[in-house]
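Structure first, then comments.
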Amino acid sequence: MTVIGAGTMGRGIAQVAAMGGYDVYLVDVEEKILRNAVEGIQKNLQKGVELGKVSPEQQKASLERIKTTTDRKLAASLADFVIEAVPEIIALKIEVFQDLDRICPPHAILATNTSGLSITEIAASTRRPEKVIGMHFFNPVYLMKLIEIVRGMETSAETFAVSKEVAARMGKEVVEVNESPGFVTSRINALIGNEAFYMLQEGVASAEDIDKAIKLGLNHPMGPLELGDLVGLDARLRVLEHLHATLGEKYRPCPLLVKYVKAGRLGRKTGRGVYDYTNK
Ligand code: NAI
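Once you know that position 123 of the sequence shown is 356 in this note's numbering, the rest is easy, because the numbers rise by one and skip nothing.
What follows is the structure in structure tokens.
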């Protein structure tokens, strides 16, 4: 298996793939990023051992299965299955997929971890659209049980079946989604988050009480406003704008959310979003 991109998601995917018994080549553009990624995986597995969730043998075997390189050609020419996790920029994904299509063996399946771009469009840039599929992992990868497997227009039944098997070996549950903006999870999550902002704007309840109601009343692990602060209100707004443009009026971003983003109150990463983190 080859994983392209060793950032937040790529390193997590490489870890669960190695734990599932795959020999993994992890690829990025700089050695430093790859060293960081391996360090992160080592730390994560060590924590797993300390918590009794990973055996020392599994830790050792998993680490031995991961190799890194900045030479995409070397890794891809050996791959049976590729998972791409480079930044969410369509031109970049297409460049990577066209290159993979040229280099990888003809039987290789090419999966993308995009959180919302069109699988059909990415697939159409290759000569093997039937072997291109979406595998949408969640962060942190080792902890989150789900992978949304997303079929593009030309994705074959065999490609879907193999991807499902790969997910099972990584210890994940899957749902099958026909490509549509936001898949299942991002679309529903965006609506819940937007509705919470409308309630805040209308003065229905305080931010604390909206989050408390959803956590204690509906059993969500986090409230929609604190979750927005965690992922970044700019990221949340981008998803809503995409859904609004593709699916219609229901997804129009709440004006209060737009105002927070204009003010630079993006959440935890800027110290202030709906909540204030400057003293935390
Ligand atoms: P990131 O920015 O942490 O990592 C991206 C990595 O790709 C960087 O290390 C970068 O150096 C590398 N890269 C860039 N161009 C490359 C190239 N041509 N060849 C090889 N490596 C290259 O991004 P992150 O958060 O890991 O996201 C990756 C993908 O996963 C995106 O499509 C994102 O939408 C998706 N995603 C992200 C989630 C998250 O919570 N961060 C959750 C689910 C999906």
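Backbone N, C-alpha and C fix where the C-beta goes; we use that ideal spot for every residue, glycine too. Just so it is clear, the structure is predicted and the values come from calculations on it, not from any experiment.
Does the beta-carbon of residue i have 16 or more other beta-carbons within 10 angstroms, so that it is buried, or is it exposed?
| i | result |
| --- | --- |
| G450 | exposed |
| E290 | exposed |
| P362 | buried |
| I355 | buried |
| D261 | buried |
| K378 | exposed |
| Y484 | buried |
| M455 | exposed |
| A390 | exposed |
| P457 | buried |
| R305 | buried |
| S413 | exposed |
| L476 | buried |
| V315 | buried |
| S419 | buried |
Kindly indicate which three-state DSSP category residue i falls into: helix, strand or coil?
| i | result |
| --- | --- |
| E409 | strand |
| T235 | strand |
| D462 | helix |
| A309 | helix |
| T353 | helix |
| V494 | helix |
| K300 | strand |
| V329 | helix |
| R501 | helix |
Report all residues from its chain with a CB closer than 8 angstroms to the CB of residue i; omit the five preceding and five following residues, and keep chain order.
| i | result |
| --- | --- |
| N372 | T241, M242 and G245 |
| K326 | E317, V319, T345, T347, L350 and I355 |
Locate the beta strand (DSSP E) running through residue i, then write down its first and last residues.
| i | result |
| --- | --- |
| M252 | Careful: M252 lies outside any beta strand (DSSP E), inside the alpha helix (DSSP H) at T241 to M252. |
| L259 | V257 to V260 |
| A314 | A small correction: the amino acid at residue 314 is Phe; Ala does not occupy that position in the sequence shown. Taken as a continuous stretch (DSSP letters only), the beta strand (DSSP E) holding F314 covers F314 to E317. |
| A344 | I342 to T345 |
| R384 | L379 to R384 |
| H591 | Not covered by the structure: residue 591. The range shown for the chain is 234 to 513. |
So the alpha helix (DSSP H) residue i belongs to, where does it begin and stop?
| i | result |
| --- | --- |
| M432 | T418 to E435 |
| K445 | A440 to K445 |
| R471 | L466 to L480 |
| T392 | A390 to R402 |
| G281 | E264 to E283 |
In chain order, what residues of the same chain lie with their CB nearer than 7 angstroms to the CB of residue i, ignoring the 5 residues before and after it?
| i | result |
| --- | --- |
| G273 | R244 |
| A308 | T235, Y258, V260 and T302 |
| T511 | G504 and R505 |
| A401 | none |
| I380 | M368, H369, F370, A400, K405 and V407 |
| L499 | G465, L466, D467 and G506 |
| H453 | I447 |
Apart from the five residues just before and just after residue i, which ones in its own chain have a Cβ nearer than 6 angstroms to its Cβ?
| i | result |
| --- | --- |
| Y431 | C487 |
| S310 | I336 |
| M252 | S295 |
Tell me whether the stretch 440-448 and the stretch 481-489 touch, counting them as touching only if at least three CB pairs, one residue from each stretch, are closer than 8 angstroms. Contact between the stretch 440-448 and the stretch 481-489 is absent, because fewer than three Cβ pairs lie under 8 angstroms.
With three or more C-beta pairs closer than 8 angstroms as the rule, is the stretch 419-439 touching the stretch 268-284? No: fewer than three Cβ pairs fall under 8 angstroms.
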